[in-house]
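Visitor: From first to last, the protein sequence lines are chains A and B.
Just so you know, my numbering puts 25 at position 25 of the first sequence, and the rest follows in order with no gaps.
Just add 115 to the spot in the second sequence (first one is 1) and you have my numbering.
Take this structure, written in C-alpha cells, and hold onto it; I'll ask about it next.
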Amino acid sequence: RKEVEQDPGPFNVPEGATVAFNCTYSNSASQSFFWYRQDCRKEPKLLMSVYSSGNEDGRFTAQLNRASQYISLLIRDSKLSDSATYLCVVSPTNYSGGGADGLTFGKGTHLIIQP
Amino acid sequence: DAMVIQNPRYQVTQFGKPVTLSCSQTLNHNVMYWYQQKSSQAPKLLFHYYDKDFNNEADTPDNFQSRRPNTSFCFLDIRSPGLGDAAMYLCATSSPTSGRGDTQYFGPGTRLTVL
C-alpha cells in the first residue's frame, strides 16, 4: 500500500468551477499535513498546511480527517493560473518542530483549468 | 532574495561518470534534505543532514552520497550514474527549532540527464 495516495487525474475543469481533491495516507503516526503545488518542471511550493479544524486561504479550503486518514483540498472559482499538479504531503514531524523528518509526497493530482 | 540555490539547474553526465550537485542556503537552517523526483513520480527523500549529523533513508542506493562542509552548503554526489538516475534532484531546508519546523523550503532543483 502506498504511503500517500492520490487520484492522478487529470482533472479538466472549466474556469470558475469548484474542484475538490482527496488523498489518503497510511501512516497513522503522521503529525503534519500539507498541500503543495508543483508547476511543470519546477520545484514544489507550499500551498497550505492542513489542520484538524480545517482551514481556508482565499479560494482554497483544506480539511483533515485523522480518523479516516484522509485530506482534502477544495478550490473555488478556479482560475487558469490554478493549472498545476497538487501534491498531498504528510510528515511525522509536528507543526511546532523539534524533529527533522523528511516529507512523504503523494504522486500528485494534475489539474487543468480550461477557458 | 534567493533562499535555497541549486547549481547547476541542468546537468548532463555520461553513464558511470561521477557527478556532483550543489545546494546552498541563505536561511541559516539546521536541516538540509535531498529529494529525487523522477518523471511523473512523487519526490522521494534520499537523505538529510541535521547540522552535521547525516541521516540516510534505508532504501537510498549506496551510489548516492552527500557532504555538508558547513551550514550553508550541501552536496549530492552520484558516484556512478546509471540511466535510472536521470531525475530532478531537489534540495530543501528546514529549521526545527523555529516553531514551524515542519515547513521545508525547496530550491529550484537540478535536472540530471544521463547519456
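Ideal placement from N, C-alpha and C gives every residue a C-beta, glycine not left out.
Is it true that the CB of B:Arg182 sits closer than 8 Å to the CB of B:Asp168?
Guide: no
Visitor: Hey, is A:Leu103's beta-carbon within less than 8 Å of any beta-carbon in chain B?
Guide: yes
Visitor: Between which two residues does the beta strand (DSSP E) carrying A:Glu5 extend?
Guide: Val4 to Gln6
Visitor: Name the two residues that bound the continuous beta strand (DSSP E) containing A:Cys23.
Guide: Unbroken beta strand (DSSP E) run through A:Cys23: Val19 to Tyr25.
Visitor: Could you check whether the stretch 60-69 of chain A touches the stretch 43-52 of chain A, counting it as contact only if at least three pairs of C-beta atoms, one from each stretch, sit closer than 8 Å?
Guide: Proximity of the stretch 60-69 of chain A to the stretch 43-52 of chain A meets the contact definition, three or more beta-carbon pairs being nearer than 8 Å.
Visitor: Can you list, in chain order, the residues of the stretch 135-163 of chain B whose Cβ is nearer than 8 Å to any Cβ on chain A?
Guide: So the list reads Asn145, Val146, Tyr148, Tyr150, Ser155, Gln156, Ala157, Pro158, Lys159, Leu160 and His163, given in the order they occur along the chain.
Visitor: Across which residues does DSSP place A:Cys40 in a beta bridge pair?
Guide: Its beta-bridge partners do not exist; DSSP assigns none.
Visitor: When the Cα atoms are used, what is the spatial distance from B:Gln121 to A:Ser30?
Guide: 29 Å
Visitor: Flag B:Leu205 as yes if its beta-carbon sits less than 8 Å from any beta-carbon of chain A, otherwise no.
Guide: yes
Visitor: Mapping the DSSP letters down to three states, classify A:Arg101 as helix, strand or coil.
Guide: Residue identity differs from the one stated: residue 101 of chain A is Asp in this sequence, not Arg. Here A:Asp101 sits in coil by DSSP.
Visitor: Can you find a CB in chain B that lies within less than 8 Å of the CB of A:Gly108?
Guide: yes
Visitor: Across which residues does DSSP place B:Lys159 in a beta bridge pair?
Guide: B:Gln151
Visitor: In the DSSP assignment, what residue or residues form a beta bridge with A:Lys45?
Guide: A:Arg37
Visitor: Should A:Gly106 and A:Leu87 be called a contact, given that it needs their Cβ atoms to be closer than 8 Å?
Guide: Cβ atoms of A:Gly106 and A:Leu87: closer than 8 Å.
Visitor: Excluding five sequence neighbours on each side, which residues of the same chain lie with their C-beta closer than 6 Å to the C-beta of B:Pro133?
Guide: Arg194
Visitor: For the stretch 68-89 of chain A, which residues have a CB atom closer than 8 Å to at least one CB atom of chain B, in sequence order?
Guide: Leu87
Visitor: State yes or no: is the beta carbon of A:Leu46 nearer than 8 Å to at least one beta carbon in chain B?
Guide: yes
Visitor: Work out the CA separation of B:Gln126 and B:Asn185 for me, nearest whole Å.
Guide: 24 Å
Visitor: Can you give me the start and stop residues for the beta strand (DSSP E) that A:Phe11 sits inside?
Guide: Segment Phe11 to Pro14, the beta strand (DSSP E) holding A:Phe11.
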